[in-house]
Amino acid sequence: MFNALTRATVLAANYPFATIEPNIGVVPLPDERLDVLANMFNSQKVIPATVSFVDIAGIVRGASEGEGLGNQFLANIREADAICQVTRAFEDPDVVHVDGKVSPKDDIETVSTELILADMQTLERQIPKLEKEVRAKRTEAEYLSTAQACMEMLERGELVSAGAEKAGLDPAIVKSFQLMTAKPFIYVFNMDSDGMEDAAKQEELRALVAPAEAVFLDAQFEAELIELDEDEAREMLAEVGQEESGLDKLARVGFDTLGLQTYLTAGEKESRAWTIRKGWTAPQAAGVIHTDFERGFIRAEVVSFEDLVKAGSIAEARAEGILRLEGKDYIMQDGDVVEFRFNV
Numbered sequence: 002m003f004n005a006l007t008r009a010t011v012l013a014a015n016y017p018f019a020t021i022e023p024n025i026g027v028v029p030l031p032d033e034r035l036d037v038l039a040n041m042f043n044s045q046k047v048i049p050a051t052v053s054f055v056d057i058a059g060i061v062r063g064a065s066e067g068e069g070l071g072n073q074f075l076a077n078i079r080e081a082d083a084i085c086q087v088t089r090a091f092e093d094p095d096v097v098h099v100d101g102k103v104s105p106k107d108d109i110e111t112v113s114t115e116l117i118l119a120d121m122q123t124l125e126r127q128i129p130k131l132e133k134e135v136r137a138k139r140t141e142a143e144y145l146s147t148a149q150a151c152m153e154m155l156e157r158g159e160l161v162s163a164g165a166e167k168a169g170l171d172p173a174i175v176k177s178f179q180l181m182t183a184k185p186f187i188y189v190f191n192m193d194s195d196g197m198e199d200a201a202k203q204e205e206l207r208a209l210v211a212p213a214e215a216v217f218l219d220a221q222f223e224a225e226l227i228e229l230d231e232d233e234a235r236e237m238l239a240e241v242g243q244e245e246s247g248l249d250k251l252a253r254v255g256f257d258t259l260g261l262q263t264y265l266t267a268g269e270k271e272s273r274a275w276t277i278r279k280g281w282t283a284p285q286a287a288g289v290i291h292t293d294f295e296r297g298f299i300r301a302e303v304v305s306f307e308d309l310v311k312a313g314s315i316a317e318a319r320a321e322g323i324l325r326l327e328g329k330d331y332i333m334q335d336g337d338v339v340e341f342r343f344n345v
């Protein structure tokens, strides 16, 4: 799946721990809006937003105690912003399973348990230090109470990502503990062609991981798909009743799970998608292009992509009054087409 996603050629072997060192791939985010803008502005280049995926080996029972090179892999997870758990949901006697049976529920529980146990070890080291620091008034008491609340969740077998919001914990404090189970999760179920047509099975798996996102794909089909040109790929997707590839959906879901969105710029040189966090203001968004843009921000000329397409050009959008001038307090929206004005 990683090879199909990133168009890489890492070893994909039929035995556990074929992956020793993590594989890193940068995946362009599918965005049809860019091609529309490129045609409208006669752009020489199209530059999409990207998502980075880090592929590590499967986590086995005992990983939190170092089984299966577990400590090394857990360290890779700690550095990620979100966790995409790829779970086998197909039967094939020729493809081995480390437990000798295919059970998505058991596999997910194994990984969750190992991450929970590893996080408990982390908090067991941190809580005594926090107690001392709170007594010495070097740390706010909320840090200690938050750590203790997280430990209680883990002891109940609950992922912190699922429980922290319900408990009303401060996300910034939770993040400071660097807990793996506090990260957002996406679950990818690798299915065969029968599974991709089994709506009842997919609904069962979706319920298993809710409220986290579930993505269903056939990695073998996806690997074949990327070998085709655009028209052939579209035809192949239509044959199996899909509008987009599973990997395109995964890239979009991953982007959204990370709390990201894009705004667009366009001109003769390039049409480009810029990555920002949801809720960012216009000056913050301008700073992604260059820090000078944020420091010297005057205003942003903004039109939504949909309105621009209806108008047909920036000049027409300006004439129709749908090109807006926005100031420093403007909250950026996904798909805004923007030109920033700034002082150097």
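If you want the numbering used here, it's the position in the sequence shown, counting the first as 1, plus 1.
Note that CB positions come from ideal geometry on N, CA and C, so glycine has one too.
I'd like the span of the beta strand (DSSP E) that includes residue i, first residue to last.
| i | result |
| --- | --- |
| Gly26 | Asn24 to Pro29 |
| Leu261 | Leu261 to Ala267 |
| Val52 | Thr51 to Asp56 |
| Ser146 | First-last for Ser146: Ala142 to Glu156, but that is the alpha helix (DSSP H), not the beta strand (DSSP E). |
| Glu271 | Glu271 to Arg278 |
| Arg325 | Arg325 to Glu327 |
What do you reckon, are the CB atoms on residue i and residue j nearer than 9 Å?
| i | j | result |
| --- | --- | --- |
| Ala301 | Glu295 | no |
| Gly313 | Phe42 | no |
| Ala213 | Ala142 | no |
| Gln1 | Phe186 | Lying outside 2 to 345, the shown extent of the chain, residue 1 is not represented and no answer is given. |
| Phe256 | Ala50 | yes |
| Arg278 | Leu261 | yes |
| Val289 | Arg325 | no |
| Ala5 | Glu240 | no |
| Ser246 | Leu218 | yes |
| Asp399 | Pro31 | What the structure shows of the chain is the stretch from 2 to 345, and residue 399 is not part of that stretch, so it cannot be assessed. |
| Val55 | Ala252 | no |
| Thr140 | Val175 | no |
| Cys151 | Ala137 | no |
For residue i, which of helix, strand or coil comes out of DSSP?
| i | result |
| --- | --- |
| Gln45 | coil |
| Phe91 | coil |
| Ile299 | strand |
| Ala165 | coil |
| Asp335 | coil |
| Ala215 | strand |
| Glu231 | helix |
| Val37 | helix |
| Gln243 | coil |
| Ser194 | helix |
| Glu321 | coil |
| Glu225 | helix |
| Glu340 | strand |
Quick check on the burial criterion: 16 or more other C-beta atoms within 10 angstroms. Buried or exposed for residue i?
| i | result |
| --- | --- |
| Thr292 | exposed |
| Gly280 | exposed |
| Asn344 | exposed |
| Pro105 | buried |
| Val338 | buried |
| Ala64 | Below a pLDDT of 50, predicted positions are generally treated as unreliable, and Ala64, at 49, falls in that range; the measurement from the model is reported next regardless. The residue is buried, with at least 16 neighbouring Cβ atoms inside 10 Å. |
| Pro284 | buried |
| Val112 | buried |
| Gln127 | buried |
| Val52 | buried |
| Arg34 | buried |
| Ser194 | exposed |
Just to confirm the assignment, what range does the alpha helix (DSSP H) spanning residue i have?
| i | result |
| --- | --- |
| Asn191 | Segment Phe186 to Asn191 is the beta strand (DSSP E) holding Asn191; no alpha helix (DSSP H) there. |
| Thr258 | Gly247 to Thr258 |
| Ile174 | Pro172 to Ser177 |
| Leu160 | First-last for Leu160: undefined, no H or E at that position. |
| Met121 | Pro105 to Arg136 |
| Val289 | Ala283 to Ile290 |
| Asp308 | Phe306 to Ala312 |
| Arg207 | Ala200 to Val210 |
| Asn4 | Phe3 to Thr7 |
In angstroms, rounded to a whole number, what distance separates the CA positions of residue i and residue j?
| i | j | result |
| --- | --- | --- |
| Leu155 | Lys184 | 14 Å |
| Gln243 | Ile227 | 15 Å |
| Glu198 | Phe3 | 23 Å |
| Asp308 | Asp36 | 16 Å |
| Lys46 | Ala208 | 42 Å |
| Gln149 | Arg89 | 34 Å |
| Met181 | Ile332 | 30 Å |
| Arg319 | Asp330 | 21 Å |
| Glu317 | Ile323 | 9 Å |
| Pro94 | Leu75 | 29 Å |
| Arg342 | Gly169 | 40 Å |
| Ile117 | Glu327 | 45 Å |
| Asp108 | Lys102 | 10 Å |
| Glu132 | Leu145 | 7 Å |
| Asp232 | Glu115 | 44 Å |
Let me check you understand the geometry: is the CB of residue i closer than 8 Å to at least one non-hydrogen atom of the ligand HEM?
| i | result |
| --- | --- |
| Trp275 | Among the ligands in the structure shown, none appear at all, so the ligand HEM cannot be discussed. |
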